[in-house]
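Below you'll find the structure, written out as structure tokens, and then a few comments.
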Amino acid sequence: MAKNLVFPSPTSDCPFVLQVTRFSCGGFTIGFGISHMVSDGFGAAQIFKALAELSKGKELSVKPVWERERLVGTPIKESLKLSMSHPATSPYMPSSDIVDEIFYLKSDTMKRLKDEIISGGSPSNVTTFEILAAFVWKARLRALELNHDGKTCLYFATGLRKLIDPPLPEGYYGNAFLTSAVELTGRELEDKSLSEIVNMIKEKKKDVLDNNYIRKSIDICETKLANRDNPKIKATGALMALTDWRNLGLVSDEFGSGWNVENVTSLPWDCFGSVDLCTFLPAPKSDPSLKGGVGILVSLPRLAMPKFKQEIDSLN
172 MAKNLVFPSP TSDCPFVLQV TRFSCGGFTI GFGISHMVSD GFGAAQIFKA LAELSKGKEL
232 SVKPVWERER LVGTPIKESL KLSMSHPATS PYMPSSDIVD EIFYLKSDTM KRLKDEIISG
292 GSPSNVTTFE ILAAFVWKAR LRALELNHDG KTCLYFATGL RKLIDPPLPE GYYGNAFLTS
352 AVELTGRELE DKSLSEIVNM IKEKKKDVLD NNYIRKSIDI CETKLANRDN PKIKATGALM
412 ALTDWRNLGL VSDEFGSGWN VENVTSLPWD CFGSVDLCTF LPAPKSDPSL KGGVGILVSL
472 PRLAMPKFKQ EIDSLN
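Read in my numbering, the sequence shown has 179 at position 8, and its numbers run on one by one without any break.
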């Protein structure tokens, strides 16, 4: 039955899709799909907010801006190194029996975890993103039983809108992010404390603060496009691509005559034919006990999911 609520995926022929499903109770859901060639998460959120304003008969508070030429790079001649040699493998992968689940952590659970990580040697300004990234990365390693001699990689995006010099205009809705990666062997990831992993993530995030690094990274992206360099990565579970939806502002939107957005989630995404994507989500407003909490959407082989749940339960 749920299949009737799923809208078709965006394609090059149809880069934007929208589906509204009304329920007999009077509520409704909005299915929103957009090709990543059109925008990133912040751009998609801006489009979603514009739809909400138009549904109320309002003028757009933020006018859309193109200016994609600002982020066009120059192909470089030096060869590009392919990372993630000797990726870790899992006895559960590949698998066609993938399940998806959202785990919600309350604010007091997050506070306890943060206190533990700070007492372990991390600075007091650690972020929720850094804490959860470290925890989930290690939890996935254990759930998937990745071999300790292979390499595993945490892959995450950092927005450039305010970091690039000069900053992009407020209405820019295209892609404006760079990806960073922290790579460890399975054994290193298992043996290191959460505080050590958090510190590595925090240090890696500093790269994007340098404008020269940003420009060189854009040139590398341009080179890959020019060379059509998009290698297929075998699905082993060794890669964890992390995206954060908590601060996109989606749950603050209001549609029509007072319809508030109560909950936001993403459809599970089959990255590289595997289970690589993990998404941090805002907690639903309909549950007061989750105020200040966070949702973690993961996709794993059915046999590995109970082990991941055990890792989550260990926080309580």
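Yeah, the Cβ is synthetic: ideal placement off N, Cα and C, and Gly gets one too.
{"Check": "Per DSSP, cross-strand counterpart(s) of P258", "Outcome": "K322"}
{"Check": "Residues bridged to Q190 (per DSSP)", "Outcome": "G202"}
{"Check": "Buried or exposed by the 16-neighbour rule on C-beta atoms within 10 Å, applied to Q217", "Outcome": "buried"}
{"Check": "Check whether P477 and Y263 have beta carbons under 7 Å apart", "Outcome": "no"}
{"Check": "Classification of G458 by the beta-carbon crowding that lies within 10 angstroms, buried from 16 upward", "Outcome": "Checking the sequence shown, residue 458 turns out to be Asp, not Gly. Per the 10 Å Cβ criterion, exposed."}
{"Check": "Other residues of its chain near F300: CB distance less than 6 Å, five sequence neighbours each side excluded", "Outcome": "D415"}
{"Check": "Of the residues A305, E238 and V243, the one placed nearest P340, counting alpha carbons only", "Outcome": "E238"}
{"Check": "V233 - containing alpha helix (DSSP H), residue span", "Outcome": "Per DSSP, V233 belongs to no alpha helix (DSSP H) and is neither H nor E."}
{"Check": "Proximal residues to P186 (C-beta, below 6 Å), its chain only, five neighbours per side dropped", "Outcome": "S206 and V209"}
{"Check": "C-alpha distance - I302 paired with V369, whole-angstrom precision", "Outcome": "6 Å"}
{"Check": "Cutoff 7 Å; reference G345; Cβ partners in own chain excluding five residues on either side", "Outcome": "S210, G214 and R239"}
{"Check": "Boundaries of the beta strand (DSSP E) in which E354 is found, first to last residue", "Outcome": "F348 to T356"}
{"Check": "For T323 and V353, the rounded distance between their alpha carbons", "Outcome": "9 Å"}
{"Check": "C-beta atoms of V188 and G204 nearer than 7 Å", "Outcome": "yes"}
{"Check": "Beta-bridge pairing of P453 - partner residues as DSSP gives them", "Outcome": "V465"}
{"Check": "Option in L419, G466, L413 and R417 with minimal Cα separation from V446", "Outcome": "L413"}
{"Check": "Alpha carbon of S232 to alpha carbon of A221, nearest angstrom", "Outcome": "8 Å"}
{"Check": "Beta-carbon proximity of S351 to L317, cut-off 7 Å", "Outcome": "no"}
{"Check": "Among R417, L380, C449 and K387, nearest to L410 - alpha-carbon criterion", "Outcome": "C449"}
{"Check": "Distance between beta carbons of G463 and L452, contact taken as under 8 Å", "Outcome": "The Cβ separation is near 14 Å, so there is no contact."}
{"Check": "Whole-angstrom distance between P246 and K456, CA atom to CA atom", "Outcome": "46 Å"}
{"Check": "Cβ neighbour criterion (16 or more within 10 Å) applied to S293", "Outcome": "buried"}
{"Check": "Own chain, CB closer than 7 Å to I288, minus 5 neighbours either side, in chain order", "Outcome": "V297, I302, L365, S366 and V369"}
{"Check": "Rounded C-alpha distance that separates S195 from G420", "Outcome": "28 Å"}
{"Check": "Sub-7 Å separation of L331 and A347 beta-carbons", "Outcome": "yes"}
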